[in-house]
Amino acid sequence: MVTSATVRIVRAYMNLTQSELARRMSVSPGSVSAVESGTNRVTPEFAKKFKRAVGITDTVLIDIQYLQTIIAE
């Protein structure tokens, strides 16, 4: 599952700007910003484009979410 936090973490890890990620996803930079800030929810289409743009699998997403829960504790 792609969350706003996941988008921020993966984008930062890959050293991408919001504009660079948006270009890879073929969406507007405002869309990426709105998802990251929580203004917009992650839609299934956004999640699909995000995963393709950064080359991430569902298995890696699960690992990231697990690490987020550990850090939050």
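Numbering (this note's numbering), first residue to last: 1 to 73.
The C-beta atom is built at its ideal place from N, Cα and C for all residues, glycine as well.
Cβ distance (whole Å) where Val-27 is taken to contact Val-7 below 8 Å: Actually they are not in contact, since the Cβ atoms of Val-27 and Val-7 sit about 11 Å apart, beyond 8 Å.
DSSP-derived helix/strand/coil call for Arg-41: Secondary structure at Arg-41: coil, using DSSP grouped into helix, strand and coil.
Residue nearest to Thr-17 in terms of C-alpha spacing, selected from Val-32, Ser-4, Thr-3: It is Val-32.
Alpha helix (DSSP H) segment containing Met-14, residue limits: No alpha helix (DSSP H) holds Met-14; DSSP gives it neither H nor E.
Ala-22 versus Val-60, Lys-51, Thr-39, residue with shortest Cα-Cα distance: Minimum Cα distance to Ala-22 is reached at Lys-51.
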